[in-house]
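See structure below.
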Amino acid sequence: MKAAAIELGEAKAKGGMNKGVSILDFILRLLAFFGTLGSAISMGTTNETLPFFTQFIRFRVEYNDLPTFTFFVVANAIVSGYLFLSLPFSIFHIVRSSAQKTRILLVLFDTAMLALLTAGASAAAAIVYLAHKGNVKANWFAICQQFNSFCERISGSLIGSFAGIALFVLIILLSSLALSRR
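Here is the structure:
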């Protein structure tokens with residue numbers, strides 16, 4: 001009788017711990033959603049126009065001039081859409097903290113979305129670095145001296161994406177922790 005009471009107490013403690021992990025998972029998903037959505041919107045609306053010698057000839061730069069930035073926007077949009085669609089599952093885990101199959105499914109999709117987001121952010125970070133520093137050997141000139149606000153916005157949009165990567169790592173670790181407690 002005493003052993004059954006101890007097991008029941010341990011099961012309740014694990015259930016309470018998993019509920020806390022599920023609430024933290026929901027909050028982290030929400031933060032990652034806003035970070036990736038903000039990055040996609042910030043990069044997708046970035047452009048700048050500079051006058052040349054006359055007002056009729058102008059230089060214009062947009063995010064979609066470089067396919068890497070287009071990939072960045074698409075990757076962040078896909079990940080933010082996934083995060084939005086995964087929020088009901090996260091709420092389900094708060095209500096039923098013992099659910100395992102949906103948590104395993106989320107860990108698999110979270111890992112795939114982490115890979116996609118990392119690829120998009122890393123590729124964009126390489127181009128942002130070249131935009132700031134240039135590469136004389138490759139004959140790539142730094143454009144940030146001329147297009148200052150463009151470079152500030154593309155650099156800023158990387159912040160939300162890399163924050164989303166860090167949050168995804170935490171989400172995967174938390175989900176793995178909750179699964180290992182069973």
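Under the UniProt record's numbering, think of the first position of the sequence shown as 1, with each following residue one higher. By construction, the Cβ of each residue, glycine as well, lies at the ideal position given by its N, Cα and C atoms. All figures in this text were calculated on a predicted structure; none of them were measured in a lab.
- Beta bridge pairing from DSSP links residue 62 with 47.
- For residue 72, the enclosing alpha helix (DSSP H) covers residues 67-95.
- No Cβ-Cβ contact shorter than 9 Å links residue 73 with residue 113.
- Taken through DSSP and simplified to helix, strand or coil, residue 135 comes out as strand.
- With respect to the 9 Å criterion, residue 103 and residue 175 are classified as neighbours on the basis of their beta carbons.
- Between the region 156-166 and the region 111-131 there are three or more inter-stretch CB-CB distances shorter than 8 Å, so the stretches are counted as touching.
- Looking at 82, 124, 138, the one whose alpha-carbon comes closest to that of residue 111 is 82.
- Residue environment for residue 98: exposed (fewer than 16 other C-beta atoms within 10 angstroms of its C-beta).
- Residues 121 of the same chain have their beta carbon placed closer than 7 Å to that of residue 162, with the five preceding and five following residues left out of the count.
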